[in-house]
Structures are given as structure tokens and as C-alpha cells.
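Note that our numbering gives residue 268 to position 267 of the sequence shown, counting from 1, and the numbers run on in steps of one. By construction, the Cβ of each residue, glycine as well, lies at the ideal position given by its N, Cα and C atoms. Predicted model, so just to flag it, every value in this text is computed and none were measured. One structure below.
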Amino acid sequence: MICCQEINDYLDYYNRCPNCFNLERKLLIENVVYPTLNRDDIFFDEKRFHDCLEFCKLWFYELFPYEKFVTAFMFMYDSNHMPIFKKILIIEGRGNGKDGWIMPVATYFTSELYGVKKYNVVIVATSEDQAQRTYNVTYEMFEKNKTKMKKHFIYNLEMFMNKSTRSKCRFLTSSSKTGDGDAPGLIIYNEYHAYENTKKVNVTKGGLGKVEDPREIIITSDGLLREGALDELKDAALEVLNGGENDLKIFPFWCKLDNISQVDDPNSWILANPSIEYLPVLKQTIIDDYKEQKKIPSSRAEFLAKRMNLPQMSDIEVVTSWENILKASYMDVDKKIPRKTPANMLGKRALIGIDYASLNDFASAGVLVKDGKEYCWRGHTWICKKSKYFNEIKFPFELAGTQGFEDFTVIDADSISEDILMAWVMNTISKFNVVGIYLDNYKFQLMKNAFSKNGLTVKSKDNSDGLVEIIRYPASIAAIVGPTLEVWFAEGKLNIGDSAMMRWSIRNTYMKDKKDGNKYFEKVEQKRRKNDLFMALVCAISKKDLLEEEDLYLYV
Numbered sequence: 002m003i004c005c006q007e008i009n010d011y012l013d014y015y016n017r018c019p020n021c022f023n024l025e026r027k028l029l030i031e032n033v034v035y036p037t038l039n040r041d042d043i044f045f046d047e048k049r050f051h052d053c054l055e056f057c058k059l060w061f062y063e064l065f066p067y068e069k070f071v072t073a074f075m076f077m078y079d080s081n082h083m084p085i086f087k088k089i090l091i092i093e094g095r096g097n098g099k100d101g102w103i104m105p106v107a108t109y110f111t112s113e114l115y116g117v118k119k120y121n122v123v124i125v126a127t128s129e130d131q132a133q134r135t136y137n138v139t140y141e142m143f144e145k146n147k148t149k150m151k152k153h154f155i156y157n158l159e160m161f162m163n164k165s166t167r168s169k170c171r172f173l174t175s176s177s178k179t180g181d182g183d184a185p186g187l188i189i190y191n192e193y194h195a196y197e198n199t200k201k202v203n204v205t206k207g208g209l210g211k212v213e214d215p216r217e218i219i220i221t222s223d224g225l226l227r228e229g230a231l232d233e234l235k236d237a238a239l240e241v242l243n244g245g246e247n248d249l250k251i252f253p254f255w256c257k258l259d260n261i262s263q264v265d266d267p268n269s270w271i272l273a274n275p276s277i278e279y280l281p282v283l284k285q286t287i288i289d290d291y292k293e294q295k296k297i298p299s300s301r302a303e304f305l306a307k308r309m310n311l312p313q314m315s316d317i318e319v320v321t322s323w324e325n326i327l328k329a330s331y332m333d334v335d336k337k338i339p340r341k342t343p344a345n346m347l348g349k350r351a352l353i354g355i356d357y358a359s360l361n362d363f364a365s366a367g368v369l370v371k372d373g374k375e376y377c378w379r380g381h382t383w384i385c386k387k388s389k390y391f392n393e394i395k396f397p398f399e400l401a402g403t404q405g406f407e408d409f410t411v412i413d414a415d416s417i418s419e420d421i422l423m424a425w426v427m428n429t430i431s432k433f434n435v436v437g438i439y440l441d442n443y444k445f446q447l448m449k450n451a452f453s454k455n456g457l458t459v460k461s462k463d464n465s466d467g468l469v470e471i472i473r474y475p476a477s478i479a480a481i482v483g484p485t486l487e488v489w490f491a492e493g494k495l496n497i498g499d500s501a502m503m504r505w506s507i508r509n510t511y512m513k514d515k516k517d518g519n520k521y522f523e524k525v526e527q528k529r530r531k532n533d534l535f536m537a538l539v540c541a542i543s544k545k546d547l548l549e550e551e552d553l554y555l556y557v
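See below:
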């Protein structure tokens, strides 16, 4: 069994004060830490670990007990001398000193005490200011100890290098063209909650493995962004914490409130803020922020997400809560078991909705079917790769074809042909008893010829058999559809399946109340936050009563 005083001290604290530990940290200790310490095939480099602690204490400050505990697991190796925890995930509330923990450790990794040649450290952040603040923890220490540090390091405001190991440390941002260059030994991802996808992560980590002891440290608070890179990583962490396979070699130190009721109990704040018992200024700052969000409700969402790591999306910002969206996607939200397409769906009465802003951007179509008390929506989205906004859109198109990302197609052309949409429509008509196709007049004008070529006519007083119906006043249908959607989401009646595109589309839409009490829909952001698939659903729901006719029978 591995024995280490700093680990034992923290485990003693856990056994004495279990109320200071949230569920995720309890699971970490029970399902990851204890099993690891009991393995007999692991080498713990205790000398390097204690060298690291002494280095931090001498040149920066002494690490907090929980920081020492986590840092110890960075020095555990398998029989091939590979770190058994290659990915260290640290989630703690804003203000807990994340930069002040990781930069002293990272500086040690570049030093001759660690002794690995060219063990380069890369700091990755979404903004230059954030990356610079992280880097400055070490830069300011160098400046404070300039005479001694210049014997060991070459440094400036952008990079430092150890003279002996030739190990460098530099920072990158999301605006950097590439993460390539010197092969990194350690990559630090700061404030990971702001990463809308993993593009920058994938580019930067491509160089890992060329230097011994490859590591990634992800250190962040939680945030308001959903379905971004952090949510994916949290899902992987939950699997490990619950005893699943640890293929990612992840060590998840996740500090958060267990439930929303704890936000009003200052004694529970330590669950998300482990530094609070050592930093009186942090405690007072959280008290001030708590009082502010009580008086200014608009600040509550950020307080819960970033101070307490318990994201609660504001209902005034989106169509429905994130919990309701997940409920529409999954039979079991915790286990991510998708809601299935009903086996008897084919042949049923169905409504098709179509929406797009421009065919040289995004276009979506979907089919709505009723199955008992459930309304099942399945759609498809086409994305024009040559759209001037394509590279600015924060959605992981590279995952196309994988689970949850199967209902969209990237078109490498100047625009999306109406014939592509029409092929989907005709295929859907062949499978369902489609009783209506709904879109507004602008969309209809662009698709008029395609409808005509396929024998689809517009419903009118003179043509009651027409399948295409034009929504003349699209802005007004929110007043009809809004209350219906609220009920469907709240009662779990809407089934959207495991569709990241649909979840993203919903989250990109406001639903607000007008002064007359009616509701209206609006995009969160006009250029990069697309909601075409959701608005296609809105078109279909506006005629939902036509699906009820399936349950009516005429007796003679």
C-alpha cells in the first residue's frame, strides 16, 4: 500500500469532517483514491513529490492540504513509468486560487529538481488576459527573486525557460493559430468552462507523448455554457467516480454544492470552495456576492455557476431549463440513456416543419408525430461550410456521425440546394402519413419550384388537398406554441432523442413575454447561435391539433 503523510492527513480530515466533502469528492476517495493506494503495481515518486512541495514553499508559498493531496497523485506511475493519472481535472469555485496552485507546480516541472529535459509547459486559455494572469504568477515570483532566478531561468512577459533542462513555459489563447511547436510535457487548460468545443484542445494536445511523463491539468470553475467541452469532461468524470473504467486516466477533484438548498447555508460553501477555511478574504467576498444575488436576481445564475459550481440556467434567458432539455433527450439523464424513437412511429400522422435564415448558412427540417401522450420530434440540419460565419460557429461539427451528432450534414458548397431539403421531405412523406408541411412565406418563396416539381401544392380555399401550408405571421405563433412547449417540457411529453444539434438549437433561443402577456421567440445571438431546428419544431407544433385526429373515430 502507498503511504504518504500528505495523503493520509487529507483522508483523516475526510473521516473526521465528512460534511466538508461534496458527493463527488466522497466518490473520488472511495472509488478512486483508496483503490489506487491499495495497488501493488504502482510506483509513487515520493522524493519528487516532496521536492515539488518544498520548491513551492520556498519560492511561492506552502500549498493548502487539499492541494498537496491532489498534487501527490501527479507523481504516481505504472510499470512503464507513465503517470497513472494523465489528466488532472480540478473544478473549484472562483477565487479559490487555481492559478496560485498550478503555476508553482508547473514551474517545478520545468526545473532541474524535476530534471526532465525539455519538459515544456503550455498554458491554454480562451483569452489573452486570462492566460497572462496565470503566467504572471510565476513571472512575478521571478521578478521578486530576480538575482537568484536569473541564474536558473531566462524569462520575459510571454515565456520563461530553465537554463539547465531547456524546459519552456508559454501561453496560448483561442485566437492563436496553432498549438504546435515545442512538444509539451504538460498542458494547463485554464477556465475550461469557457471552451465551447474541443477544437483548440485537440490541436494543442497533439504534441503530447513526445516527452516523458505527459500530463494535462484542467483547472476551472463551472460556468453558464452547456454542452461545451467541460460538460463532456464532467460526464467522463462521473463515470470514473461511480466506479467505471478510467480509460482517460483522469483524476477528478470536483468541488460543488450537492443541491440548490445548500446555497443559503454558509457552512456548505466549503463543498465548492475548499480554500474558504484558509482565505478569510475569499469567505467575505462570497458573502458579499451572496447578498448581491439576493437583491439583484440577474446575478444569481453566475453566482451559482461560478462560486458554487452548481449551474442553474435562468429561465428568462432560454426556452426551458437545461434539466428539462436533458429530460426531453434521455430516459435516464444520469446514465445518458437516450429516449427512443417509438417502434410504431412509421405510418403515423405527421407534421413537417421547415426553417432557415438563408440557404448559404443553416437550414433545418423535422417531423413531429404523436405517440400516446408523447410528441416525438426527429429532424435534420444542413450547414453550408462556405458560410461566412462557419468558422465562428461554436458547435463540434467534427463529431458528425457519432452518437448524439447524427442528425446534421455539412455541405461543402456555396449554398444548400433546396433539392437537398426536398429529398429529405419526400423521403419523410414516404414513411409517414404527412398531413401538413409548414414554413413561413419567405422560406416558401425559395422552395416554391422544388415543391412544384415534386407535386406538392399549397393548401387554400380552392385546394383543400394541398399539403404545404404557409405561416403568414410567423412572429405570432410563439403566443400559441410557447405555453404548449412549457407544458411539454415540464411534463416530459416532448421526445427529441439524443440530439446535440436540437439541444443546442433550443439553448440558442429566448422565449420572452410581451407587455400584452403573449410570448415571442428570439435568437440569443444572430450570427453564431443558430436555432433553425428549434424554429422548425415551432412551425410543426403550431398545427399540433391535426395529430389529435388520429384518436377520433366515427361510428355509423
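Inset, instruction - Name the two residues that bound the continuous alpha helix (DSSP H) containing G437. - result: Taking the first residue of the sequence shown as 1, we reach residue 437 at position 436. Element bounds for G437: not the alpha helix (DSSP H) but the beta strand (DSSP E), 434-441.
Legend entry - Beta bridge counterpart(s) of Y156 as assigned by DSSP: The residue given as residue 156 occupies position 155 in the sequence shown. Answer by DSSP bridge pairing, in chain order: F161.
Legend entry - Nonlocal neighbours in the same chain, by C-beta distance under 6 Å from D219, ignoring five residues either side: Looking up residue 219 in the sequence shown gives position 218. Note that residue 219 is Ile in the sequence shown here, rather than Asp. Closer than 6 Å at Cβ, skipping near neighbours: L90, Y190, Y193.
Inset, instruction - Report all residues from its chain with a CB closer than 6 Å to the CB of G493; omit the five preceding and five following residues, and keep chain order. - result: Here residue 493 refers to the residue found at position 492 when the sequence shown is read from its first residue. Answer for G493: K328, listed in chain order.
Legend entry - Nearest-angstrom Cα separation, counted from G498 out to V539: Here residue 539 refers to the residue found at position 538 of the sequence shown. Here residue 498 refers to the residue found at position 497 of the sequence shown. Taking the straight line joining both Cα atoms gives about 17 Å.
Inset, instruction - Please specify which runs of the alpha helix (DSSP H), each continuous and at least 4 residues long, are wholly inside the region 262-300, giving them in chain order. - result: DSSP runs (the alpha helix (DSSP H)) wholly in the region 262-300: 281-296.
Legend entry - Backbone secondary structure at P215 - three-state DSSP: The residue you call residue 215 lines up with position 214 of the sequence shown. Reduced to three states, the DSSP call for P215 is coil.
Legend entry - Sequence ranges, beta strand (DSSP E) only - wholly within the region 31-96, length at least 3: 88-92
Inset, instruction - Decide yes or no for the touch test of the region 530-550 against the region 359-374: beta carbon pairs closer than 8 Å, at least 3 of them. - result: yes
Legend entry - Sequence-distant residues of the same chain with beta carbon closer than 6 Å to I507, five excluded per side: Residue 507 sits at position 506 when you count from the first residue of the sequence shown. Around I507: V320, I326, F535.
Inset, instruction - Would you mind sorting A537 into buried or exposed? The rule is 16 or more other CB atoms within 10 Å of its CB. - result: Residue mapping note: residue 537 aligns to position 536 of the sequence shown, counting from 1. A537 should be labelled buried.
Inset, instruction - Going by DSSP, name the residue or residues bridged to S359. - result: As a first step, residue 359 is located in the sequence shown; it is residue number 358 there, counting from the start. Answer is F363, bridged to S359.
Legend entry - V459 beta carbon less than 8 Å from that of I586: In the structure as shown, the chain starts at 2 and stops at 557, and residue 586 therefore has no counterpart that could be examined.
Legend entry - Continuous beta strand (DSSP E) stretch holding N23: start and end: Here residue 23 refers to the residue found at position 22 of the sequence shown. That residue, N23, is in no beta strand (DSSP E); it is neither H nor E in DSSP.
Inset, instruction - Compare the beta carbon distance of F172 and F154 with 8 Å and say whether it is the shorter of the two. - result: Your numbering for residue 172 matches position 171 in the sequence shown. Your numbering for residue 154 matches position 153 in the sequence shown. It is not a contact, given that the beta carbons lie outside the stated cut-off.
Inset, instruction - Determine the extent of the alpha helix (DSSP H) in which C385 is found, giving its start and end residues. - result: The residue labelled residue 385 in the question sits at position 384 within the sequence shown. Premise fails: C385 lies in the beta strand (DSSP E), 375-385, not in any alpha helix (DSSP H).
Inset, instruction - Quick one: residues in its chain with C-beta nearer than 7 Å to the C-beta of T286, no 5 flanking neighbours on either side, listed in chain order? - result: Within the sequence shown, residue 286 is the residue found at index 285, counting from 1. G96, listed in sequence order.
Inset, instruction - Could you tell me which of N16, F65, V71, C53 sits nearest to T37, measuring between CA atoms? - result: If you number the sequence shown from 1, residue 37 lands on position 36. Nearest C-alpha to T37: V71.
Inset, instruction - Have a look at the DSSP bridge pairing and note the partners of Y115. - result: Translated into the one-based positions of the sequence shown, residue 115 becomes position 114. Partner(s): none; Y115 has no beta bridge.
Legend entry - Buried versus exposed, by CB contacts within 10 Å (16 or more), C4: Working through the sequence shown from its first residue, we reach residue 4 at position 3. When all chains shown are included, C4 counts as exposed.
Inset, instruction - Leaving aside the five residues before and after Y11 along the sequence, list all residues of the same chain whose C-beta is less than 7 Å from its C-beta, in chain order. - result: In the sequence shown, residue 11 corresponds to position 10, counting from 1. Only P66, Y67, F70 meet the Cβ criterion.
Legend entry - Beta carbon of C170 nearer than 8 Å to that of Y109: As a working mapping, residue 170 is identified with position 169 in the sequence shown. As a working mapping, residue 109 is identified with position 108 in the sequence shown. No, they are not a contact pair.
Inset, instruction - Consult DSSP for M2 and reduce its assignment to one of helix, strand or coil. - result: Taking the first residue of the sequence shown as 1, we reach residue 2 at position 1. Residue state, collapsed to three classes: coil.
Inset, instruction - Say whether the region 396-415 touches the region 341-355, bearing in mind that this needs 3 or more beta-carbon pairs closer than 8 Å, one atom from each stretch. - result: no
Inset, instruction - Would you decide whether V241 is buried or exposed? Buried here means 16 or more other CB atoms lie within 10 Å of its CB. - result: Position 240 of the sequence shown, counted from the first residue, corresponds to residue 241. Counting Cβ neighbours within 10 Å, V241 comes out buried, since at least 16 surround it.
Inset, instruction - Within the same chain, show all residues whose beta-carbon is closer than 6 Å to that of P312, passing over the 5 residues directly before and after it, in chain order. - result: For the purposes of this step, residue 312 is taken as residue 311 along the sequence shown, with counting starting at 1. Its chain contains D223, A306 as the residues whose beta carbon lies nearer than 6 Å to that of P312, once the 5 sequence neighbours on both sides are disregarded; these appear in chain order.
Inset, instruction - Report the residue from S322, K147, I92 whose alpha carbon sits nearest the alpha carbon of E487. - result: As a working mapping, residue 487 is identified with position 486 in the sequence shown. If we check each option's Cα against that of E487, S322 comes out closest.
Legend entry - Residues near D52 in its chain [Cβ-Cβ closer than 6 Å; skip 5 each side]: As a position in the sequence shown, residue 52 is number 51, starting the count at 1. Answer for D52: L114, listed in chain order.
Inset, instruction - Tell me whether the beta-carbon of E217 lies closer than 8 Å to the beta-carbon of K206. - result: Here the question's residue 217 lines up with position 216 in the sequence shown. Here the question's residue 206 lines up with position 205 in the sequence shown. Cβ distance < 8 Å, so E217 and K206 count as in contact.
Inset, instruction - Give the DSSP-derived three-state secondary structure of L242 in the structure shown. - result: Along the sequence shown, read from residue 1 onward, the residue named residue 242 stands at position 241. The answer is helix: DSSP assigns L242 an H, G or I state.
Legend entry - Status (buried if at least 16 other CB within 10 Å, exposed otherwise) for D266: By 1-based counting over the sequence shown, the position of residue 266 is 265. It counts as exposed.
Legend entry - Continuous alpha helix (DSSP H) stretch holding M142: start and end: Against the sequence shown, residue 142 aligns to sequence position 141. Here the alpha helix (DSSP H) through M142 covers 129-145.
Legend entry - According to DSSP, residues forming a beta bridge with K169: Taking the sequence shown and counting its residues from 1, one reaches residue 169 at position 168. DSSP output for K169 lists M162 as bridge partner(s).
Legend entry - Local conformation of Y196 per DSSP, three classes: Within the sequence shown, the letter at position 195 stands for residue 196. Looking at Y196 - three-state DSSP - the assignment turns out to be coil, as it is neither helix nor strand.
Inset, instruction - Mind the definition here: the region 244-251 touches the region 75-88 only if three or more C-beta pairs lie below 8 Å; say whether that holds. - result: yes
Inset, instruction - Return helix, strand or coil for T615, following the three-state DSSP convention. - result: Summary: the structure shown does not reach residue 615, with the chain confined to residues 2 through 557, and so no result is reported for it.
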